[in-house]
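Remarks on the structure that follows.
This is the structure:
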């Protein structure tokens, strides 16, 4: 027959276990549930202190909940899960106890923990395992500060609490995993919603007639950081990243930036470069990739429109050239429809580059013509432009082309009097040939300095100018080179000062007698009295020699 005291204690144990089970069903936080289990176990068993320890990711056993008088230093301790009483409990997945921890030879001691045992005055210790699906993940301990044995009912009761703690721990972990999965799912959904919103915004930009630069700006606003749109030339330092993106068809992520190629079939149209601190999100990278598809369509559309405009512009330019001088009413109307006043197209510009084909050069001229309300195209194999302006416009056109091409380009301009564009085109082309024959390939000049020579020489025959210079000045040039004299410079100054000996002497900083001796010596070298005969050939030679030596 059960004694009244034992029955009362049994009822208290069952009531405590029931309260513990109820706390588990409340699905509170893990730490809160574990603390409740330790508190009830401490009250029922009546030990000096009770604590619960779990094995961490580092393989060490550390306290997670406690009740009773126990120091913070003891609770903060973490020992290897293979030593001490806890090591035996975890290894066997069964309860173990010692009457006197410090003197026990049945356990493997840890020096640091033994020091804490002495400080805490811990003597008798009982440990039971927390087992989840066959794996021991921790232990529940009951401790006394005096030597004693543990009875079977005490062990069974603490074991029952440990079983509840294991259930609580497993449920809490499952709950945390479910909550984490839900949060990840919600985060992924928010990312999808954001990506969809960006895609709709990009579509809106396109439908509203936006440009590729507008798309890049919108991406920067939505993704953060900065977004740069590269043309086909790109940036040299990004060449490898762009090539990787072209080859893979996906974003290339480098230090601080992400690169996505813009392609249409096998045609490479440019690249998007996204610069942002931190590691980019995969969803944002996919958004960047999708944006390249939209940009590809926009760029192709812009090219189609530009090519149509260039074709119309080139056709009208050719009509004006062929039909000049004069403008028909139909031509004037067509020009006006493009925002161009044909009557103000007073300047003909011809451009030539050793590294760029006329067709490609004409495409760059179209950009300038569009800004200047002019026309551009390829005429008789030359990149040509008609625009309002005068001789001062030519160096500006050269400067802009030079920046765009990044290499030498020759630009020659001629005013078209009376809308005679054909004559102006012909003269500009011949002057360009004279400049090339003189060795100039990177300058912007009007025809005023070269028109005379373009009429005298066929500069397309490159050797003709060389033969003329050799015939008119060759002897003087050779004499100066061999003797270190300055006869060519002296004659040039003489003609510059209209054969005035005194003025020439002053300009050369020499005595008049010295000048006269130089002039006489020049006649001896040339072999004729050049001051008495027809000296036109000599003057032309001197001027061409000076032009060859000086870039306008």
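In UniProt numbering, the protein residues as written are 1 to 552.
Glycine included, every Cβ here is placed at the ideal spot set by N, Cα and C.
If you look at residue 51, you'll find it in the beta strand (DSSP E) that goes 49–55.
Between residue 384 and residue 409, the CB-CB gap reaches or exceeds 8 angstroms.
For residue 79, the enclosing beta strand (DSSP E) has its first and last residue at 78–80. Inter-residue distance for residue 481 and residue 507 is about 22 angstroms (C-alpha atoms, whole angstroms).
As the crow flies, the alpha-carbon of residue 478 is around 27 angstroms from that of residue 503. Taken in chain order, the complete beta strand (DSSP E) segments of 3 residues or longer contained in the region 346–425 are 347–352, 375–379, 382–387 and 410–415. Under DSSP, residue 60 shares a beta bridge with 80.
Taking residue 388 as reference, the option from 402, 371 and 377 with the minimal CA-CA separation is 371. The shortest CA-to-CA distance from residue 82 to any of 528, 93, 192 and 73 is the one to 93. When rounded, the separation of the alpha-carbon atoms in residue 180 and residue 402 is 60 angstroms. In the DSSP assignment, residue 228 is bridged to 273.
Runs of alpha helix (DSSP H) with 4 or more residues, each lying fully within the UniProt domain "GAF" (29–179), are found at 30–45, 72–75, 84–92 and 111–120, listed in chain order. When only Cα atoms are considered, residue 171 and residue 284 end up about 36 angstroms apart. When only Cα atoms are considered, residue 206 and residue 196 end up about 15 angstroms apart. By the criterion of a C-beta distance shorter than 8 angstroms, residue 203 is surrounded in its chain by 294, once the five residues flanking it on both sides are discounted. Within the DSSP secondary-structure output, residue 257 pairs in a beta bridge with 254 and 275.
One Cα belongs to residue 161, the other to residue 120, and the distance between them is close to 24 angstroms. Per DSSP, the beta-bridge partners of residue 443 are 410. Rounded to the nearest whole angstrom, the C-alpha separation of residue 396 and residue 212 is 28 angstroms. In this structure residue 528 is exposed. Its beta-carbon is surrounded by fewer than 16 other beta-carbon atoms within 10 angstroms. At the C-beta level, residue 275 and residue 257 come within 8 angstroms of one another. One alpha carbon belongs to residue 244, the other to residue 267, and they sit about 15 angstroms apart. Residue environment analysis places residue 189 among the exposed positions, since fewer than 16 neighbouring C-beta atoms fall within 10 angstroms of its C-beta. In the DSSP assignment, residue 494 falls within the alpha helix (DSSP H) that extends over 487–496.
Residue 369 and residue 400 have their alpha carbons spaced roughly 12 angstroms apart. For residue 342, there is no enclosing alpha helix (DSSP H), since its DSSP letter is neither H nor E. With at least 16 other beta carbons inside 10 angstroms of its own, residue 352 counts as buried. Within its own chain, the residues whose Cβ lies closer than 7 angstroms to the Cβ of residue 198, once the five positions on either side in sequence are excluded, are 222 and 287, listed in chain order.
Excluding five sequence positions before and after residue 145, the CB atoms of its chain that fall closer than 6 angstroms to its own CB belong to 48, 121 and 123, given in chain order.
In the same chain as residue 216, and ignoring 5 residues on each side of it, the C-beta atoms closer than 6 angstroms to its own belong to 227 and 229, in chain order. DSSP lists 264 as the beta-bridge partner residues of residue 267. Sorting 130, 485 and 263 by C-alpha distance to the C-alpha of residue 522 places 485 at the top. Counting only the Cα atoms, residue 524 lies some 14 angstroms from residue 472. For residue 244, the enclosing alpha helix (DSSP H) covers residues 239–248. One alpha carbon belongs to residue 332, the other to residue 319, and they sit about 11 angstroms apart.
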